[in-house]
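If you're matching positions, the sequence shown starts at 1 in the UniProt record's numbering and goes up one per residue.
Here a beta-carbon is modelled for each residue, glycine too, at the ideal position from N, C-alpha and C.
No experiment lies behind these values; they were computed from the predicted model shown.
The structure appears below as structure tokens.
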Amino acid sequence: MTDTTDTILVTGAAGFIGAYTCRELRARGANVVGLDNYNDYYDPQLKRDRVAALCPDVEIAQIDLTDRVALEALFDKHRFGRVIHLAAQAGVRYSLENPHAYVDSNLIGFVNMLELCRHRGVEHLVYASSSSVYGDSATPPFSEAQRIDRPRSLYAATKAANELMAHTYAHLYGLRATGLRFFTVYGPWGRPDMAPLLFSRAVLAGRPIQVFNHGRMRRDFTHIDDIVAGVLGAMDAPARPAGENAAEGGPHRVYNLGNHTPVELERFIAVIEQAAGRPAEKNYLPMQPGDMVETMADTARAQADFGFEPATPIDTGLPPVVRWCRDYFGDKA
1 MTDTTDTILV TGAAGFIGAY TCRELRARGA NVVGLDNYND YYDPQLKRDR VAALCPDVEI
61 AQIDLTDRVA LEALFDKHRF GRVIHLAAQA GVRYSLENPH AYVDSNLIGF VNMLELCRHR
121 GVEHLVYASS SSVYGDSATP PFSEAQRIDR PRSLYAATKA ANELMAHTYA HLYGLRATGL
181 RFFTVYGPWG RPDMAPLLFS RAVLAGRPIQ VFNHGRMRRD FTHIDDIVAG VLGAMDAPAR
241 PAGENAAEGG PHRVYNLGNH TPVELERFIA VIEQAAGRPA EKNYLPMQPG DMVETMADTA
301 RAQADFGFEP ATPIDTGLPP VVRWCRDYFG DKA
């Protein structure tokens, strides 16, 4: 066993947010251990290349969240003081095709992580939620006080369930836990199933892009640098111990991490066109099941509690994504 309670576990360490988080933690001088199962939801080689580029010095254990024996062995090997739990089965549309993947990773896997944090004395669990939890219940700007009981997809339902589960463990066992509702994160090395990379690659290659709801959508696109600053800010500011805030149900908090500046989808596409140096061919389509028309984060709580202040507009943050797509994918763009 590594006798250092300042070691931080980052799950989903080969993922987009996870790899950048590992890089920033190492830049701080933190002891970091990663976990990822390198599943094939998208090309595992991209995940390995991402790790090699962003956090090559981080040990990443290849473990599935449902493998309780392997998870226990990892926690036996290291005394994790804090856990940043970013591993999950992501994607709204894929949850319509493969619901069991979401139950396994996002429900069973989350309970496994809660139990290990509870029994192994983890001081603070920071975990990924999603702006998708707002579903049909909320009105922009979405605030943490709004209801989240009408999800539009199974993915959103599992993330809302994670928040309830973490609240329960905070209330029953005093586990300090912080949930982060991410709003459409983008940047180089991003997920290839999300619009920033899908659109950039298609425009570069001269392929048509699918524009859902006939382009009448707005998204709170948030740059990866701002998101990582929020993740680490939240990690450094855990909720008070149980007993000090009993009226709020224990040491559990939820925060929006977004840009608080929603962008029209057509404007987003125009920035990509300018960066790519060519126009997009657009196929306008109806709304996809499970999607939301607009997302917009109210970030006042995160700003007040740990100074979260997103600073990257798409005009600054999106052109490097297009350049990265050109460099990384080349003629496969």
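Answer with buried or exposed for Asp3, where buried requires no fewer than 16 other C-beta atoms within 10 angstroms of its C-beta. As a working mapping, residue 3 is identified with position 3 in the sequence shown. Bear in mind that the predicted position of Asp3 carries a pLDDT of just 44, short of 50, making it unreliable; the figure below should be weighed with that in mind. Classification for Asp3: exposed.
Which class does residue 334 belong to by DSSP, given the choice of helix, strand or coil? No information on residue 334 is available, as it lies outside the stretch 1 to 333 that the chain covers here.
Simplified DSSP state of Arg79, which is helix, strand or coil: What you label residue 79 is simply residue 79 of the sequence shown in a count that begins at 1. Note: Arg79 maps to strand in three-state DSSP.
Where Ile63 sits in the DSSP three-state scheme: Residue numbering aside, residue 63 sits at position 63 when the sequence shown is read from its first letter. If DSSP states are grouped into helix, strand and coil, Ile63 belongs with coil.
I need the straight-line Cα distance from Arg240 to Tyr173, nearest angstrom please. Numbered from its first residue, the sequence shown carries residue 240 at position 240. Numbered from its first residue, the sequence shown carries residue 173 at position 173. Taking the straight line from one Cα to the other gives about 13 Å.
Using DSSP with H/G/I as helix, E/B as strand and the rest coil, what is Tyr42? Taking the first residue of the sequence shown as 1, we reach residue 42 at position 42. Residue state, collapsed to three classes: coil.
Candidates Ala297, Ala160, Tyr255, Ala170: which alpha carbon is nearest Gly121's? As a first step, residue 121 must be located in the sequence shown, where it is residue number 121. Closest by alpha carbon: Ala170.
What does a CB cutoff of less than 6 Å around Val103 pick up in its chain, not counting 5 residues either side in sequence? In the sequence shown, the residue the question calls residue 103 occupies position 103. Taken in chain order, the list of residues that qualify is empty.
Alpha-carbon spacing of Ala90 relative to Gly277, whole angstroms: What you label residue 90 is simply residue 90 of the sequence shown in a count that begins at 1. What you label residue 277 is simply residue 277 of the sequence shown in a count that begins at 1. Answer to the nearest angstrom: the Cα atoms are 31 Å apart.
So for Leu175, helix, strand or coil by DSSP? Walking along the sequence shown from the start, residue 175 turns up at place 175. Coil.
Bridge partner(s) assigned by DSSP for Tyr127: For the purposes of this step, residue 127 is taken as the residue at position 127 of the sequence shown. Answer by DSSP bridge pairing, in chain order: His85, Gly179.
Is the distance from the Cβ of Pro319 to the Cβ of Gln274 below 9 Å? Looking up residue 319 in the sequence shown gives position 319. Looking up residue 274 in the sequence shown gives position 274. Against a cut-off of 9 Å, the Cβ pair of Gln274 and Pro319 comes out as a contact.
Residue range of the alpha helix (DSSP H) that includes Thr23: Residue mapping note: residue 23 aligns to position 23 of the sequence shown, counting from 1. For clarity, residue 23 is Arg in the given sequence; the question names Thr instead. Residue range 16-27 is occupied by the alpha helix (DSSP H) that includes Arg23.
Bridge partners for Tyr284 per DSSP, in chain order? Within the sequence shown, the letter at position 284 stands for residue 284. Tyr284 is bridged to Val211.
Where does His167 fall in DSSP's three states? Along the sequence shown, read from residue 1 onward, the residue named residue 167 stands at position 167. The answer is helix: DSSP assigns His167 an H, G or I state.
Jot down the residue ranges of each uninterrupted beta strand (DSSP E) in the region 251-278, minimum 3 residues, whole runs only, in chain order. The qualifying runs are 252-257.
Those residues which DSSP pairs with Thr7 across a bridge: Within the sequence shown, residue 7 is the residue found at index 7, counting from 1. DSSP output for Thr7 lists Phe80 as bridge partner(s).
Counting pairs of beta carbons, one from the region 214-223 and one from the region 278-294, are three or more of them closer than 8 Å? yes
Would you check if the region 107-126 and the region 261-273 touch, i.e. whether three or more CB-CB distances between them fall below 8 Å? Touching, no, given that fewer than three Cβ pairs across the two stretches are closer than 8 Å.
Figure out for me which residue from Asp225, Phe308, Arg191, Val322 has the closest Cα to the Cα of Gly15. Here the question's residue 15 lines up with position 15 in the sequence shown. Checking every option, the nearest Cα to that of Gly15 belongs to Arg191.
Just to check my reading of the structure: Met296 and His260 have Cβ atoms closer than 8 Å, yes? What is that Cβ distance to the nearest angstrom? Within the sequence shown, residue 296 is the residue found at index 296, counting from 1. Within the sequence shown, residue 260 is the residue found at index 260, counting from 1. Contact between Met296 and His260 holds: their C-beta atoms lie close to 7 Å from each other, under 8 Å.
Inter-stretch contact (C-beta, 8 Å, three-pair minimum) for the region 137-149 and the region 69-81: no
Can you find the residues in the same chain that come closer than 6 Å, C-beta to C-beta, to Gly187, ignoring five residues on each side of it along the sequence? Taking the first residue of the sequence shown as 1, we reach residue 187 at position 187. Contacts found: His223, Ile224.
Looking only at its own chain, which residues have a Cβ that is under 6 Å from the Cβ of Ala177, when we skip the five neighbours before and after it? As a working note, residue 177 is residue 177 in the sequence shown. Cβ within range, chain order: Leu125, Ala166, Ala170, His252.
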